[in-house]
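K.L.:
Number of protein chains: 2
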Amino acid sequence: MSSPKVIDQDKKRPRGRPKGFDDAAAKDAIMMTFWQNGYRATSLDDLVKASGAARASLYQSYGDKRGLFIAAIENYSQKFADWVTQAMQDEPDTVLVLERILGASVARLTGGDMPDGCLRCNSTLEMAGADPLIDKALKTANQDFVDTIRRPLVRAAERGEISVQDADRLSVYLTALVNGMVVLARSGADESTLQTIVDDALVQVKQA
Amino acid sequence: MSSPKVIDQDKKRPRGRPKGFDDAAAKDAIMMTFWQNGYRATSLDDLVKASGAARASLYQSYGDKRGLFIAAIENYSQKFADWVTQAMQDEPDTVLVLERILGASVARLTGGDMPDGCLRCNSTLEMAGADPLIDKALKTANQDFVDTIRRPLVRAAERGEISVQDADRLSVYLTALVNGMVVLARSGADESTLQTIVDDALVQVKQA
DNA sequence: TTTCATCTAGACTGTGTGGTCTATAAAGTA
DNA sequence: TACTTTATAGACCACACAGTCTAGATGAAA
Numbered sequence: 001m002s003s004p005k006v007i008d009q010d011k012k013r014p015r016g017r018p019k020g021f022d023d024a025a026a027k028d029a030i031m032m033t034f035w036q037n038g039y040r041a042t043s044l045d046d047l048v049k050a051s052g053a054a055r056a057s058l059y060q061s062y063g064d065k066r067g068l069f070i071a072a073i074e075n076y077s078q079k080f081a082d083w084v085t086q087a088m089q090d091e092p093d094t095v096l097v098l099e100r101i102l103g104a105s106v107a108r109l110t111g112g113d114m115p116d117g118c119l120r121c122n123s124t125l126e127m128a129g130a131d132p133l134i135d136k137a138l139k140t141a142n143q144d145f146v147d148t149i150r151r152p153l154v155r156a157a158e159r160g161e162i163s164v165q166d167a168d169r170l171s172v173y174l175t176a177l178v179n180g181m182v183v184l185a186r187s188g189a190d191e192s193t194l195q196t197i198v199d200d201a202l203v204q205v206k207q208a
Numbered sequence: 001m002s003s004p005k006v007i008d009q010d011k012k013r014p015r016g017r018p019k020g021f022d023d024a025a026a027k028d029a030i031m032m033t034f035w036q037n038g039y040r041a042t043s044l045d046d047l048v049k050a051s052g053a054a055r056a057s058l059y060q061s062y063g064d065k066r067g068l069f070i071a072a073i074e075n076y077s078q079k080f081a082d083w084v085t086q087a088m089q090d091e092p093d094t095v096l097v098l099e100r101i102l103g104a105s106v107a108r109l110t111g112g113d114m115p116d117g118c119l120r121c122n123s124t125l126e127m128a129g130a131d132p133l134i135d136k137a138l139k140t141a142n143q144d145f146v147d148t149i150r151r152p153l154v155r156a157a158e159r160g161e162i163s164v165q166d167a168d169r170l171s172v173y174l175t176a177l178v179n180g181m182v183v184l185a186r187s188g189a190d191e192s193t194l195q196t197i198v199d200d201a202l203v204q205v206k207q208a
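Top to bottom, those sequences are chains A and B.
So for the first sequence, the UniProt record's numbering puts the first residue at 1; every next one is plus one.
So for the second sequence, the UniProt record's numbering puts the first residue at 1; every next one is plus one.
1) Does any C-beta atom of chain B lie closer than 8 Å to the C-beta of Arg40/A?
2) Could you tell me the alpha carbon to alpha carbon distance between Asp144/B and Gln36/A, rounded to whole angstroms?
3) Using the Cα positions of Gly67/A and Asp166/B, report the straight-line distance between them to the nearest angstrom.
4) DSSP state of Phe145/B, grouped into three classes?
5) I need the straight-line Cα distance from Thr42/B to Gln78/B, nearest angstrom please.
6) Check each candidate in Gly38/B, Ala54/B, Lys49/B, Val84/B and name the one with the smallest Cα separation from Ile70/B.
7) Is it true that the region 90-100 of chain B meets the region 149-167 of chain A, where meeting means three or more beta-carbon pairs spaced less than 8 Å apart?
8) Using 8 Å as the limit for Cβ to Cβ distance, is Leu177/B near chain A?
9) Residues in the same chain with beta-carbon distance under 6 Å from Ala53/B, minus the five sequence neighbours each way, listed in chain order, please.
10) In whole angstroms, give me the CA-to-CA distance for Ser51/B and Ala29/B.
11) What does Gly117/B touch in chain A if you count any residue whose Cβ is under 7 Å from its own?
12) Helix, strand or coil for Met127/B? Go by DSSP, reduced to three states.
13) Closer than 8 Å, CB to CB, is Met181/B near chain A or not?
14) Is the Cβ of Thr148/B closer than 8 Å to any Cβ of chain A?
15) Against chain B, with Cβ distances strictly below 8 Å, would Thr33/A count as a contact?
16) Can you list, in chain order, the residues of its chain whose CB lies under 6 Å from that of Ser171/A, leaving out five sequence neighbours each side?
17) Please classify Leu177/B as buried or exposed, where buried requires at least 16 other C-beta atoms within 10 Å of its C-beta.
18) Can you check the region 75-116 of chain B for any alpha helix (DSSP H) of at least 4 residues that lies completely inside it and give the ranges in chain order?
19) Give a yes or no on whether the C-beta atoms belonging to Asn122/B and Ser187/A are separated by under 8 Å.
20) How long is the line joining the alpha carbons of Gln86/B and Leu98/B, rounded to whole angstroms?
21) So, with DSSP's three-state summary, where would you put Arg155/B?
22) Is there a C-beta anywhere in chain B that falls below 8 Å from the one on Lys139/A?
23) Using CA atoms only, rank isn't needed, just tell me which of Ser57/A, Phe34/A, Thr33/A is closest to Gly16/A.
24) Between Leu202/A, Asn75/A, Ile162/A, Ala130/A, which lies nearest to Pro115/B when the distance is taken from Cα to Cα?
25) Thinking C-beta only, is Ala72/B closer than 8 Å to Met31/B?
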């Protein structure tokens, strides 16, 4: 995120005029804009302003509004997967990894530094079934989320701490809870309310 | 729903030309339309067609698109509350009432006879924070849902079966799970997957 | 320096939208 | 039969939007 960007990488620069904006930063800005407003309430002008890229450049890079949205969803998914990879490296204990993941979710859902809700959940309820390509991206993102939550549980299963069946079952169960907390948070639930839910859910995990 | 409508009730008929559509049926049709498409993707033309009412009549009755939407949300909330009232009359046992509620949710989320998802959840993730009046209606609807789920639990507490604290805690917990299942269902989860979640959650309830 | 590929700035266009307005139809009341 | 009230049908308007296009800017390659 805040790592010093390597300017002028060795990668050969293409022929024409160089972009006047940073690709990765623009991608993040586009993600944040869709996250903030939703798909339909985001205009191309919003994306142009947020990304710093020219309108035509966005069309050049992403095809159309739908392409921008799908890229945003993929970007969002990837960030979560990367975060969990890091958490699993930092924390060997399964329950503590899950505590971190769920605790970070609660913090983010109730903290003011990010847009409300979750781009994946927001988008799923706004757009599932409305467009084939978006639908596919959403299905992938939702499956990726379950798979990502599942990773620490699979590690626990490999260690013989729980069964593979429990890993599967719990990963879906915890996904449901996180998804549900997103809706609760957007309807005004505070941090302690959500944390109580997480604590109750972890009891479920520890019993497995 | 399909009960024979009493035509020409005793209520004195107002002076002017009578409405060419059924008020209650129109209200339901409006609810279904918003449920199907979401707020922003629903046009006034959609609502005119679905309700059978004239465009001007809708504006006369509801003020504007936002008023139509808020009425739809209130209508939706009321239907759920009525359903639970009935279920509590039919079934005295607390856990069995909750089983019915959650089971019906699973059936509806995976059955094809209703629009996808849940109008309350869909609308919350699409519109929370976007408009003050809609926001208020959504907060009310979400609080009503928790309160409605809470009713069988409060009845159990009054009977001394569980503590009031557990009733409060579990009502929020189960709300989170239902909300979460809505997202899961819209991302393609099948009935048995959701039913497994419900079964796991009911274990939690029985332990209280 | 010229050429070529790419990016930029923003004008432009067709379509769809929420909301209003007008003319008319259908009922009750006097 | 007039008069009043309410609903209907649909034309109408101003606006916002996604997407396209054009003219010019910028840099590498020749």
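From the three backbone atoms N, C-alpha and C, an ideal C-beta is built for every residue, glycine too.
Nothing here was measured: the structure is a model prediction, and the numbers come from that model.
P.N.:
With the structure as the only source:
1) Numbered from 1 along the first sequence, position 40 holds the residue referred to as residue 40/A. With 8 Å as the cut-off, Arg40/A counts as an interface residue toward chain B.
2) Position 144 of the second sequence, counted from the first residue, corresponds to residue 144/B. Position 36 of the first sequence, counted from the first residue, corresponds to residue 36/A. Straight-line Cα distance between these residues: approximately 26 Å.
3) Here residue 67/A is taken as the residue at index 67 of the first sequence, counted from 1. Here residue 166/B is taken as the residue at index 166 of the second sequence, counted from 1. Their backbone Cα atoms lie some 47 Å apart in a straight line.
4) Taking the second sequence and counting its residues from 1, the one referred to as residue 145/B is at position 145. In this structure, Phe145/B counts as helix in the three-state DSSP scheme.
5) Taking the second sequence and counting its residues from 1, the one referred to as residue 42/B is at position 42. Taking the second sequence and counting its residues from 1, the one referred to as residue 78/B is at position 78. Approximately 22 Å, taken between the alpha carbons.
6) The residue labelled residue 70/B in the question sits at position 70 within the second sequence. Ranking the options by Cα distance to Ile70/B, first place goes to Gly38/B.
7) no
8) Mapped onto the second sequence, residue 177/B falls at position 177. Yes, its Cβ sits closer than 8 Å to a Cβ of chain A.
9) As a first step, residue 53/B must be located in the second sequence, where it is residue number 53. Around Ala53/B: Phe21, Ala26.
10) Here residue 51/B is taken as the residue at index 51 of the second sequence, counted from 1. Here residue 29/B is taken as the residue at index 29 of the second sequence, counted from 1. Between Ser51/B and Ala29/B, the C-alpha separation is close to 5 Å.
11) One-based indexing of the second sequence puts residue 117/B at position 117. Under the 7 Å cutoff, chain A gives Leu125.
12) Taking the first residue of the second sequence as position 1, residue 127/B is located at position 127. If DSSP states are grouped into helix, strand and coil, Met127/B belongs with the helices.
13) Sequence index remark: in the second sequence, residue 181/B carries index 181 (1-based). For Met181/B, the answer is yes, since a Cβ of chain A falls inside 8 Å of its Cβ.
14) Taking the second sequence and counting its residues from 1, the one referred to as residue 148/B is at position 148. No - not a single Cβ of chain A is within 8 Å of the one on Thr148/B.
15) Position 33 of the first sequence, counting from 1, holds the residue named residue 33/A. So no, Thr33/A is outside the interface.
16) Here residue 171/A refers to the residue found at position 171 of the first sequence. Cβ neighbours of Ser171/A beyond the five flanking positions: Val146, Ile149, Arg150, Leu153.
17) On the second sequence, residue 177/B is found 177 positions in, with the first residue counted as 1. Buried, since its Cβ has 16 or more Cβ neighbours within 10 Å.
18) 94-110
19) The count along the second sequence starts at 1 and reaches residue 122/B at position 122. The count along the first sequence starts at 1 and reaches residue 187/A at position 187. No. Outside cutoff.
20) Against the second sequence, residue 86/B aligns to sequence position 86. Against the second sequence, residue 98/B aligns to sequence position 98. Going by the C-alpha atoms only, they are around 13 Å apart.
21) To locate residue 155/B, count along the second sequence from 1; it is residue 155. Looking at Arg155/B - three-state DSSP - the assignment turns out to be helix.
22) Position 139 of the first sequence, counted from the first residue, corresponds to residue 139/A. Chain B, which has a Cβ nearer than 8 Å to the Cβ of Lys139/A, makes this yes.
23) Mapped onto the first sequence, residue 16/A falls at position 16. Ranking the options by Cα distance to Gly16/A, first place goes to Ser57/A.
24) In the second sequence, residue 115/B corresponds to position 115, counting from 1. Of Leu202/A, Asn75/A, Ile162/A, Ala130/A, the residue nearest in Cα terms is Ala130/A.
25) Working through the second sequence from its first residue, we reach residue 31/B at position 31. Working through the second sequence from its first residue, we reach residue 72/B at position 72. Going by C-beta atoms, Met31/B is nearer than 8 Å to Ala72/B.
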